[in-house]
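Below is one structure; the comments refer to it alone.
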Amino acid sequence: MNKSLLPLTRLVLATTAVVLAIFGLSWLVSPAFTNSFLSGAPFEPIPTFWLRYDAALYLALALGAAYAFRQNQWSAARVVLAITGPYIAANVVITLASALTTGVPLIFWAYFVLAIIYLPLVIIIWRQESARSV
Amino acid sequence: MTTAKMAMSVEGLLPLTKLVLAVSAIVQFISAVAGLFLPGLSSSFLYPPPLERVPVLGMQFFGAFYLANGIGAAYALMQNNWAAARTILSISAPFVVLCVVLTIVTALSPTGIPPIFGLYVVLSIIYIPLVAFVWKQESSPRVK
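Pasting the structure below:
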């Protein structure tokens, strides 16, 4: 029997979809804004075509998160979290490695803080939903 | 009794669906390794001129995304149920479609695209109908 998702799970999925869509759209529509404000020195600017391919990934994942939200079942939601959890964790590692070598733009520390809020939430949700599914 | 057991059994994915998921996972893992650990090689061979060089860090963030997507596809394959599989396909198919569109736009721009992107387009136009076919098959009620 498929149970509906817990409110926290739905909140995390919805937030994931919205944040991914915002980033994806900004990269697609305004690569210059991305290179100036969402990234920036000391990182090298990302070529426009590359940002747009990145945007395609983000938008596709936003769609997947929205679809999982709509399906309202753990089988679907955990697949999205199985992607976003490792992705955010990898980003944290890459950001820390960059911070120790070349340095990172200030805004990346905001992303870092959001990441260390997001990751434990994913773990909590995974545990809660898995316990219900047994 | 046999009918009741059959009714209670959980249907796994069709072989073609599993194949599509497996190929999705493998391709993404290969792209992840290339992006994360061989960014220079990736830039030279997988995304060569006339495209602008992608900074190593950009390549690595992209590689991280492919790694995560590969994990998701492998996980959906392991779960062996349509709810998980269709969530993955609802990500990968739009991504591939968007990439085809972006590739065509870039090809028509003054920059142009490297020949290897022709191969990516061919693979994409094999993949997208397969996903549509798999989606249709899995969504139809199965006759036992």
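Chains A and B supply the protein sequences, listed in that same order. Here this note's numbering is used: position 53 in the first sequence is 445, and no number is missing along the way. Here this note's numbering is used: position 69 in the second sequence is 74, and no number is missing along the way. All residues carry an ideal CB built from backbone N, CA and C; glycine is no exception. Bear in mind that the values here come from a model prediction, so they are computed numbers and not experimental data.
Per DSSP, reduced to three states, the secondary structure at Val411 (chain A) is helical.
Residues of chain A whose Cβ lies closer than 9 Å to the Cβ of Leu56 (chain B) are, in chain order, Pro439, Phe441 and Trp442. Of the residues assessed, Met64 (chain B) falls on the buried side of the cut-off, its CB having 16 or more other CB atoms within 10 angstroms. Per the C-alpha coordinates, the member of A:Val484, A:Leu443 and A:Ala523 positioned closest to Tyr510 (chain A) is A:Val484. For chain B, the residues of the region 459–472 of chain A that bring a beta carbon within less than 9 Å of one of its beta carbons are Tyr459, Ala460, Gln463, Gln465, Trp466, Ser467, Ala468, Ala469, Arg470, Val471 and Val472, in chain order. Cβ atoms of Pro119 (chain B) and Pro53 (chain B) come within 8 Å of each other, at about 5 Å. Under a 10 Å Cβ-count criterion, Trp419 (chain A) is classified as buried, with 16 or more other Cβ atoms of the shown protein chains found around its own Cβ.
Residue burial annotation: Arg524 (chain A) is exposed, with fewer than 16 other C-beta atoms found within 10 angstroms of its C-beta. If you draw a straight line from the Cα of Leu94 (chain B) to the Cα of Leu124 (chain B), it is about 21 Å long. One thing to note: Ala409 (chain A) has its Cβ within 8 Å of the Cβ of Ala457 (chain A).
C-alpha of Leu72 (chain B) to C-alpha of Ser29 (chain B): approximately 11 Å in a straight line. Taking a Cβ-Cβ threshold of 7 Å, the residues of chain B close to Leu455 (chain A) are Ser95, Ile96 and Pro99, in chain order. When secondary structure is reduced to three states using DSSP, Leu449 (chain A) falls in the helix class. In this chain, Ser145 (chain B) is not harboured by any alpha helix (DSSP H), its DSSP state being neither H nor E. By the criterion of a C-beta distance shorter than 7 Å, Ala454 (chain A) is surrounded in its chain by Ala409, Leu412, Ala413 and Gly416, once the five residues flanking it on both sides are discounted.
Nearest to Trp518 (chain A) by C-alpha distance, out of A:Ala468, A:Ser431 and A:Phe441, is A:Ala468. A buried status is given to Arg470 (chain A), since no fewer than 16 other beta-carbon atoms sit within 10 Å of its beta-carbon.
By the criterion of at least three beta-carbon pairs nearer than 8 Å, the region 16–31 of chain B is not in contact with the region 397–407 of chain A. When the five nearest sequence neighbours on each side are left out, the beta carbons in the same chain lying within less than 7 Å of the beta carbon of Asn464 (chain A) are those of Ser396 and Leu397, in order along the chain. In chain order, Arg58 and Val59 place their CB closer than 6 Å to the CB of Ser48 (chain B), counting only its own chain and leaving out the 5 sequence neighbours on each side.
Note on Leu506 (chain A): under 16 other CB atoms within 10 angstroms of its CB, so exposed under the neighbour-count rule. For Thr476 (chain A), the uninterrupted alpha helix (DSSP H) run begins and ends at Trp466 to Thr493, by DSSP. Contact of Phe66 (chain B) with chain A is assigned, a C-beta pair being separated by under 8 Å. Listed in chain order, the alpha helix (DSSP H) elements of length 4 or more contained wholly in the region 64–115 of chain B are 87–113. With the rule of 3 Cβ pairs closer than 8 Å, the region 84–100 of chain B does not count as touching the region 484–496 of chain A.
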